[in-house]
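Under UniProt numbering, the sequence shown has 71 at position 71, and the numbering climbs by one with no breaks.
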Amino acid sequence: MSGFPIPVTVLTGFLGSGKTTLLNRLLKNPELKDTAVIINEFGDVAIDHLLVEQASDGIIELSDGCLCCTVRGELVDTLAELVDRVQTGRIASLSRVVIETTGLADPAPVLQSIMAHPVLVQAFRLDGVLTLVDAVNGAATLDAHMEAVKQAAVADRIIVSKLDMVPDEAVPAGLLARLSRLNPSAPILDVRNAGLAELFGCGLYDPETKIADVRRWLGEAGHDHHDHGHHHHDDCDHGHAHHHHDSRIRTDTLVHDGPVPFAAIEMFLDLLRSSHGENLLRMKGIVELAEDPSRPLVVHGVQKILHPPARLPAWPDDRRGTRLVLITLDMPGDYVKRLFAAITNTPQIDMPDRAALEDNPLAIPGT
Numbered sequence: 001m002s003g004f005p006i007p008v009t010v011l012t013g014f015l016g017s018g019k020t021t022l023l024n025r026l027l028k029n030p031e032l033k034d035t036a037v038i039i040n041e042f043g044d045v046a047i048d049h050l051l052v053e054q055a056s057d058g059i060i061e062l063s064d065g066c067l068c069c070t071v072r073g074e075l076v077d078t079l080a081e082l083v084d085r086v087q088t089g090r091i092a093s094l095s096r097v098v099i100e101t102t103g104l105a106d107p108a109p110v111l112q113s114i115m116a117h118p119v120l121v122q123a124f125r126l127d128g129v130l131t132l133v134d135a136v137n138g139a140a141t142l143d144a145h146m147e148a149v150k151q152a153a154v155a156d157r158i159i160v161s162k163l164d165m166v167p168d169e170a171v172p173a174g175l176l177a178r179l180s181r182l183n184p185s186a187p188i189l190d191v192r193n194a195g196l197a198e199l200f201g202c203g204l205y206d207p208e209t210k211i212a213d214v215r216r217w218l219g220e221a222g223h224d225h226h227d228h229g230h231h232h233h234d235d236c237d238h239g240h241a242h243h244h245h246d247s248r249i250r251t252d253t254l255v256h257d258g259p260v261p262f263a264a265i266e267m268f269l270d271l272l273r274s275s276h277g278e279n280l281l282r283m284k285g286i287v288e289l290a291e292d293p294s295r296p297l298v299v300h301g302v303q304k305i306l307h308p309p310a311r312l313p314a315w316p317d318d319r320r321g322t323r324l325v326l327i328t329l330d331m332p333g334d335y336v337k338r339l340f341a342a343i344t345n346t347p348q349i350d351m352p353d354r355a356a357l358e359d360n361p362l363a364i365p366g367t
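In structure tokens form, the structure reads like this:
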């Protein structure tokens with residue numbers, strides 16, 4: 001399909017975080033020509049001055065060439081309708097889709113809609129998740145609502161709004177530190193300074209060079225992992241104030257030097273999804289395969305849904321090896337780390353031999 005896959009940006013954030021304000025600002029940008037914006041209701045979006053035609057099926061064409069769509073029924077149906085319009089010529093071109101979720105929404109089903117549908121996965125690719133957080137009420141919202149914590153945890157970019165409305169500088173400083181602990185790999189932006197360059201292009205490929213930028217995609221640019229071990233970020237271990245919801249979120253960064261057999265990485269992903277798929281909020285990574293070390297394998301998924309793995313033609317830089325970033329909710333102990341060590345035959349030297357054997361996730365009961 002020519003022009004496919006189309007990048008999709010998911011805009012999420014809790015009630016009152018400023019999603020509609022940001023969306024209104026984006027809609028005024030001429031660079032968003034040929035973009036479809038999928039929203040739940042037209043009422044709060046200031047598009048009246050841009051209207052060209054309102055169709056009965058909930059798709060509105062704007063004067064700048066942008067489209068607005070309301071979700072009627074399933075999101076899948078709305079996306080499929082856009083694909084059909086492109087293929088039949090009713091839409092001249094479509095360069096991007098922005099999906100605004102409701103404030104109470106868990107973003108996982110939206111991401112799964114893009115990754116799991118056999119037709120949509122060919123037509124669309126996830127470019128990134130943008131999560132807005134209100135500086136005034138953000139901390140209280142994170143305390144009260146697990147959905148807000150999950151929205152921050154799965155984000156590629158965290159955008160903080162209303163910073164100018166908080167007189168006490170300690171309040172946003174504490175919030176920013178908390179967000180950084182929840183999602184160490186996501187850049188945190190001030191909404192006032194967040195332009196298109198910062199908001200879009202979160203995916204694997206650099207929008208300017210069209211070349212894979214693995215370090216940026218995995219959030220490694222700001223904090224390299226020099227020891228090539230297993231890393232776990234959890235605010236319970238760092239002496240910070242304890243927040244009940246936050247402590248349920250973990251970020252595991254798994255690094256393995258050297259190639260890994262495809263069967264081993266496939267087993268790791270299958271076991272992870274079958275045993276704790278519901279706990280896997282998001283995963284993305286790059287794998288050096290033993291069968292063809294010159295062409296890295298790109299993997300990413302949400303809960304039990306894994307996007308079809310893709311092969312890059314070559315490594316984008318000199319750094320090889322396998323790097324996986326997993327964001328999980330209520331994942332038991334060090335399960336992810338131990339499972340990865342088992343499939344990569346990595347000795348766990350910090351455990352006695354018998355304990356390491358008994359705790360092996362691949363061990364057969366009774367042996």
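By construction, the Cβ of each residue, glycine as well, lies at the ideal position given by its N, Cα and C atoms.
Check for me: the alpha helix (DSSP H) holding residue 138 runs from which residue to which?
As a first step, residue 138 is located in the sequence shown; it is residue number 138 there, counting from the start. 138 to 144 is the extent of the alpha helix (DSSP H) around residue 138.
For residue 334, does the three-state DSSP call read helix, strand or coil?
As a first step, residue 334 must be located in the sequence shown, where it is residue number 334. Looking at residue 334 - three-state DSSP - the assignment turns out to be coil, as it is neither helix nor strand.
DSSP state of residue 43, grouped into three classes?
In the sequence shown, the residue the question calls residue 43 occupies position 43. For residue 43, the predicted model reports a pLDDT of 49, less than 50, meaning its position is unreliable; a value from the coordinates is still stated below. Looking at residue 43 - three-state DSSP - the assignment turns out to be coil, as it is neither helix nor strand.
Could you pull the start and end residues of the alpha helix (DSSP H) that residue 78 belongs to?
Sequence index remark: in the sequence shown, residue 78 carries index 78 (1-based). Start and end: 75 to 87.
Keeping to the same chain, check which residues put their C-beta closer than 7 angstroms to that of residue 31; ignore five residues upstream and five downstream.
If you number the sequence shown from 1, residue 31 lands on position 31. Closer than 7 angstroms at Cβ, skipping near neighbours: 196.
Within-8 angstroms CB hit, residue 37 to chain B:
Annotation note: the requested chain B is absent from the structure, which comprises a single protein chain.
Using the beta-carbon count (16 or more within 10 Å), is residue 100 buried or exposed?
Looking up residue 100 in the sequence shown gives position 100. Burial call: buried.
By alpha-carbon positions, which one of 293, 327, 35 and 191 ends up nearest to residue 318?
Locating residue 318 in the sequence shown gives position 318, where the first residue counts as 1. Among 293, 327, 35 and 191, the Cα nearest to that of residue 318 belongs to 293.
At the level of alpha carbons, what is the spacing between residue 341 and residue 258?
Locating residue 341 in the sequence shown gives position 341, where the first residue counts as 1. Locating residue 258 in the sequence shown gives position 258, where the first residue counts as 1. Going by the C-alpha atoms only, they are around 13 angstroms apart.
Do three or more CB pairs link the stretch 263 to 282 to the stretch 316 to 331 at distances below 8 angstroms?
Yes, the stretch 263 to 282 touches the stretch 316 to 331.
Just to confirm, are residue 130 and residue 159 a CB contact at a threshold of 8 angstroms?
For the purposes of this step, residue 130 is taken as residue 130 along the sequence shown, with counting starting at 1. For the purposes of this step, residue 159 is taken as residue 159 along the sequence shown, with counting starting at 1. Yes, Cβ-Cβ distance for residue 130 and residue 159 is below 8 angstroms.
Tell me the rounded alpha-carbon separation between residue 345 and residue 339.
On the sequence shown, residue 345 is found 345 positions in, with the first residue counted as 1. On the sequence shown, residue 339 is found 339 positions in, with the first residue counted as 1. Rounded to whole angstroms, the gap between the alpha carbons of residue 345 and residue 339 is 10 angstroms.
Name the residue from 148, 109, 165 and 119 whose alpha carbon lies nearest to the alpha carbon of residue 135.
Taking the sequence shown and counting its residues from 1, one reaches residue 135 at position 135. Answer by Cα proximity: 165.
CB contact flag (residue 97, residue 8, <8 angstroms)
Taking the sequence shown and counting its residues from 1, one reaches residue 97 at position 97. Taking the sequence shown and counting its residues from 1, one reaches residue 8 at position 8. In this structure, residue 8 lies closer than 8 angstroms to residue 97 by Cβ.
Taking the alpha-carbon of residue 82 as reference, which of 108, 111, 120 and 215 has the nearest alpha-carbon?
For the purposes of this step, residue 82 is taken as residue 82 along the sequence shown, with counting starting at 1. Of the listed residues, the one whose Cα sits closest to residue 82 is 120.
Relative to the alpha-carbon of residue 246, which residue among 122, 25 and 179 has its alpha-carbon at the smallest distance?
For the purposes of this step, residue 246 is identified with residue 246 of the sequence shown, where counting begins at 1. Comparing Cα positions, the closest option is 179.
Which class does residue 162 belong to by DSSP, given the choice of helix, strand or coil?
Looking up residue 162 in the sequence shown gives position 162. DSSP places residue 162 in coil when its eight states are reduced to three.
Quick check: what's the CA-CA separation for residue 240 versus residue 321?
As a position in the sequence shown, residue 240 is number 240, starting the count at 1. As a position in the sequence shown, residue 321 is number 321, starting the count at 1. Legend: pLDDT at residue 240 = 41, less than 50; position of this residue unreliable, value from coordinates given subsequently. For residue 240 and residue 321, the distance between alpha carbons rounds to 33 angstroms.
Do you know whose CA, among 137, 17, 145 and 103, lies nearest residue 175's CA?
Residue numbering aside, residue 175 sits at position 175 when the sequence shown is read from its first letter. Closest by C-alpha distance to residue 175, out of 137, 17, 145 and 103, is 137.
Given this structure, state the Cα-to-Cα distance separating residue 161 from residue 219, to the nearest angstrom.
As a first step, residue 161 is located in the sequence shown; it is residue number 161 there, counting from the start. As a first step, residue 219 is located in the sequence shown; it is residue number 219 there, counting from the start. Across the structure, residue 161 and residue 219 are spaced so that their CA atoms are roughly 22 angstroms apart.
Can you pull the DSSP bridge partners for residue 284?
Along the sequence shown, read from residue 1 onward, the residue named residue 284 stands at position 284. Looking at the DSSP assignment, residue 284 forms a beta bridge with 300 and 325.
Residue from 201, 287 and 249 whose Cα sits closest to the Cα of residue 182
Within the sequence shown, residue 182 is the residue found at index 182, counting from 1. Looking only at 201, 287 and 249, the smallest Cα-Cα distance to residue 182 is reached by 249.
Quick check on the DSSP output: the alpha helix (DSSP H) that includes residue 268 runs from which residue to which?
For the purposes of this step, residue 268 is identified with residue 268 of the sequence shown, where counting begins at 1. Unbroken alpha helix (DSSP H) run through residue 268: 262 to 276.
Closest by CA to residue 111, which one among 85, 92, 150 and 91?
In the sequence shown, residue 111 corresponds to position 111, counting from 1. 150 is the residue among 85, 92, 150 and 91 whose C-alpha sits nearest the C-alpha of residue 111.
Exposed or buried, residue 252, counting other C-beta atoms within 10 Å across all chains shown (16 or more means buried)?
As a first step, residue 252 is located in the sequence shown; it is residue number 252 there, counting from the start. Counting Cβ neighbours within 10 Å, residue 252 comes out buried, since at least 16 surround it.
Span of the alpha helix (DSSP H) around residue 20:
Position 20 of the sequence shown, counting from 1, holds the residue named residue 20. Segment 19 to 27, the alpha helix (DSSP H) holding residue 20.
Exposure label - residue 157; buried when at least 16 CB within 10 Å:
Against the sequence shown, residue 157 aligns to sequence position 157. Counting Cβ neighbours within 10 Å, residue 157 comes out buried, since at least 16 surround it.
In the DSSP assignment, the beta strand (DSSP E) including residue 100 goes from what residue to what residue?
Taking the first residue of the sequence shown as position 1, residue 100 is located at position 100. Looking at the DSSP string, the run of the beta strand (DSSP E) that includes residue 100 is 96 to 100.
Inter-residue spacing [alpha-carbon to alpha-carbon] between residue 275 and residue 296:
Here residue 275 corresponds to residue number 275 of the sequence shown, with the count starting at 1. Here residue 296 corresponds to residue number 296 of the sequence shown, with the count starting at 1. Cα to Cα, the separation comes out at about 26 angstroms.
Which class does residue 289 belong to by DSSP, given the choice of helix, strand or coil?
The residue you call residue 289 lines up with position 289 of the sequence shown. Reduced to three states, the DSSP call for residue 289 is strand.
Name the two residues that bound the continuous alpha helix (DSSP H) containing residue 132.
If you number the sequence shown from 1, residue 132 lands on position 132. Here residue 132 belongs to no alpha helix (DSSP H); instead the beta strand (DSSP E) covers 124 to 134.
Could you round the C-beta distance between residue 298 and residue 265 to whole angstroms and report it? I think they count as a contact, below 8 angstroms.
Looking up residue 298 in the sequence shown gives position 298. Looking up residue 265 in the sequence shown gives position 265. About 12 angstroms; that fails the 8 angstroms criterion.
Take the Cβ of residue 102 as the centre, count every other Cβ of all protein chains shown within 10 Å, and call the residue buried at 16 or more, exposed below.
By 1-based counting over the sequence shown, the position of residue 102 is 102. That one is exposed.
Should residue 88 be labelled buried (16 or more other beta-carbon atoms within 10 Å of its own) or exposed?
Your numbering for residue 88 matches position 88 in the sequence shown. That one is exposed.
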